[in-house]
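Working notes, structure below.
Protein chains: 2
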Amino acid sequence: MRKIILASASPRRREILAGAGIHFEIITSGAEEKSIKTDPAELVEELSYIKASGTDTLVKDSDSVVIGADTVVACDGKILGKPESEEDALKMLTLLQGRTHQVYTGVTILYGGRGERKRKTFHECTDVTCYPVSREEILEYIRTGEPMDKAGAYGIQGLWGIYVQKICGDYNNVVGLPAARLIHEAKKLGIDLRNSGKENTSC
Amino acid sequence: MRKIILASASPRRREILAGAGIHFEIITSGAEEKSIKTDPAELVEELSYIKASGTDTLVKDSDSVVIGADTVVACDGKILGKPESEEDALKMLTLLQGRTHQVYTGVTILYGGRGERKRKTFHECTDVTCYPVSREEILEYIRTGEPMDKAGAYGIQGLWGIYVQKICGDYNNVVGLPAARLIHEAKKLGIDLRNSGKENTSC
Chain A
19 MRKIILASAS
29 PRRREILAGA
39 GIHFEIITSG
49 AEEKSIKTDP
59 AELVEELSYI
69 KASGTDTLVK
79 DSDSVVIGAD
89 TVVACDGKIL
99 GKPESEEDAL
109 KMLTLLQGRT
119 HQVYTGVTIL
129 YGGRGERKRK
139 TFHECTDVTC
149 YPVSREEILE
159 YIRTGEPMDK
169 AGAYGIQGLW
179 GIYVQKICGD
189 YNNVVGLPAA
199 RLIHEAKKLG
209 IDLRNSGKEN
219 TSC
Chain B
19 MRKIILASAS
29 PRRREILAGA
39 GIHFEIITSG
49 AEEKSIKTDP
59 AELVEELSYI
69 KASGTDTLVK
79 DSDSVVIGAD
89 TVVACDGKIL
99 GKPESEEDAL
109 KMLTLLQGRT
119 HQVYTGVTIL
129 YGGRGERKRK
139 TFHECTDVTC
149 YPVSREEILE
159 YIRTGEPMDK
169 AGAYGIQGLW
179 GIYVQKICGD
189 YNNVVGLPAA
199 RLIHEAKKLG
209 IDLRNSGKEN
219 TSC
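Order-wise, the sequence lines are chains A and B.
In this text, residue positions in the first sequence follow my numbering: the first is 19, and each later residue adds one.
In this text, residue positions in the second sequence follow my numbering: the first is 19, and each later residue adds one.
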């Protein structure tokens, strides 16, 4: 049976994929995730491809499906990845509070027999509107440690969720993986993700 | 310190409130939840008040804050509560797939000293758009047992999530409690839910 491989170390992506009833393994390549793209949609699509193709070189099963994903936040023409410091997190969250920003996740699916590997790349965008949040509340949130490994310095599924007034789009896309769209796109490629990889035992 | 009391037995509401960093107790009254309202917003507001006031009669601490909530799904002028049977769940999910419906949660906050109890009631509405879902997929979902205790016969946070294309509004409102709005409304009443009830140990 076809193996499903997630090319991401993110515990949040792992949870979303497992919660969708998909059986998969995790293999990451450590491929350098660099891009000169300045458009958030193009950027996450390219980075998702870099992650997927890096992992693909390590995969031995010729019929496996490799899934790569990358997420950024965009606001005011700025692209926000993971914060580099607490000061950086403070800047990001100060920018995001009291307004609407966009979360982009790019996804690449690599599939088909070895030697004729095929690729499908797409992105999903979700609008996220935050309530006004005071500097003191932002500092309190930063002290929880949640922001440091997250694009845009927040987790909607975590304590920042109480500051999110509404979203428009896919919720899991904000967490890091638009699983519903992924399953839908894979189905169009003839891949039933939920009934593949069931012999995998790692997740 | 002021006690926070959730007048709901729903494990999903309990998880949302705890995840928002709120310390609370659960007290349910078994008050009969009946209403003749036909407007979904008016219906959930009334039912949230019935739940909150039923619990309020059982609460001894005069300064406690009691929170009641009720959720329904509305589609095509029909109001969908919890399904009464698997056939009922099949009808509901067949109606909801491939289109947009609304999820309404009404919330009532009872607060203030005994004898001068005050009330704040509001509702939150979220649009939910589902991908087309086949009869076979719906039947498979019903076999998981997930639909039976849920308004509209689905849980967005569960396996039905893979059929949700997008939402517009508050995600937790669809799960059963708009915690961000609740915290915001309480703050306007002078109640800091996140720094109340910390001596409670039950949740």
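Note that beta-carbon positions come from the ideal geometry of N, C-alpha and C, so glycine has one too.
Since the model is a prediction, treat every value here as computed from it, not as a measurement.
Counting the other Cβ atoms within 10 Å of the Cβ of L195(A) gives 16 or more, which makes it buried. The beta-carbon of K184(B) is placed less than 7 Å from the nearest beta-carbon of chain A.
Around the beta carbon of T123(B), a 10 Å sphere encloses 16 or more other beta carbons of the protein chains shown; the residue is thus reported as buried. If you look at Y67(B), you'll find it isn't in any beta strand (DSSP E); it sits in the alpha helix (DSSP H) that goes 58-74. For A92(A), not one C-beta of chain B is nearer than 7 Å to its own C-beta.
Measuring C-alpha to C-alpha distances from T118(A) to each of K52(B), C186(B), T139(B) identifies C186(B) as the nearest.
Runs of the beta strand (DSSP E) lying entirely within the stretch 113-150 of chain B, each at least 3 residues long, are 118-129, 136-148 in chain order. Contact between the stretch 103-119 of chain B and the stretch 146-160 of chain B is present: three or more C-beta pairs spanning the two stretches fall below 8 Å. Assignment of beta-bridge partners to D88(B) by DSSP yields G124(B). By the neighbour-count criterion, in which 16 or more other beta carbons inside 10 Å mark a residue as buried, N191(A) falls on the buried side.
The beta carbon of I23(B) sits closer than 8 Å to the beta carbons of F42, E43, I44, I45, T73, V77, S82, V83, V84, I85 from its chain, once the five residues preceding and following it are set aside; these are given in chain order. Taking C-alpha positions only, K205(B) is separated from Q115(A) by approximately 17 Å.
Contact annotation for H141(A) against chain B: no contact, minimum CB-CB distance about 14 Å [criterion: below 7 Å].
Within the stretch 42-73 of chain A, contact with chain B at the beta-carbon level (separation under 7 Å) is assigned to no residue.
For K96(B), the secondary structure class from DSSP, reduced to helix, strand or coil, is strand.
With 16 or more other Cβ atoms inside 10 Å of its own Cβ, R199(A) counts as buried. When C-beta atoms of the stretch 129-142 of chain B are compared with those of the stretch 168-186 of chain B, fewer than three pairs fall below 8 Å, so the two segments do not count as touching. When the five nearest sequence neighbours on each side are left out, the beta carbons in the same chain lying within less than 7 Å of the beta carbon of I68(A) are those of A49, E51, in order along the chain. Neighbourhood of I22(A) in chain B, by CB distance below 7 Å: empty, with the nearest CB roughly 14 Å away.
With a cutoff of 7 Å on beta-carbon distance, S66(B) and A92(B) are scored as not near each other. For V192(A), the uninterrupted alpha helix (DSSP H) run begins and ends at 189-193, by DSSP. Your pair G95(B) and A169(B) does not check out as a contact, with CB atoms roughly 16 Å apart and the cut at 8 Å. Excluding the 5 residues flanking it on each side, Y129(B) has same chain C-beta neighbours closer than 7 Å at V83, K136, L207, I209, in chain order. Annotation: I156(B) to S80(B) spans about 48 Å, alpha carbon to alpha carbon. In its chain, beyond the 5 residues on either side, S53, K55, V90, I97 have a beta carbon closer than 7 Å to the beta carbon of L61(B). In its chain, beyond the 5 residues on either side, L211 have a beta carbon closer than 6 Å to the beta carbon of I201(A). K184(A) is bridged by DSSP to T147(A). Nearest CB-CB separation between G194(B) and chain A: not below the 7 Å threshold. Comparing C-alpha distances from G37(A) to each of F140(A), E102(A), A197(A) shows the shortest one belongs to A197(A). It is roughly 17 Å from the alpha-carbon of I127(A) to the alpha-carbon of I180(B). P165(A) and E105(A) have their C-alpha atoms roughly 11 Å apart. For L24(A), there is no enclosing alpha helix (DSSP H); the enclosing beta strand (DSSP E) covers residues 22-24.
With its beta carbon at least 7 Å from every one in chain B, I97(A) lies outside the interface. Here Q183(B) is near Y149(B), since their CB atoms are less than 7 Å apart. Close to L177(B), with beta-carbon spacing below 9 Å, are these residues of chain A in chain order: G37, A38, G39. Not a single C-beta of chain A is nearer than 7 Å to the C-beta of I160(B).
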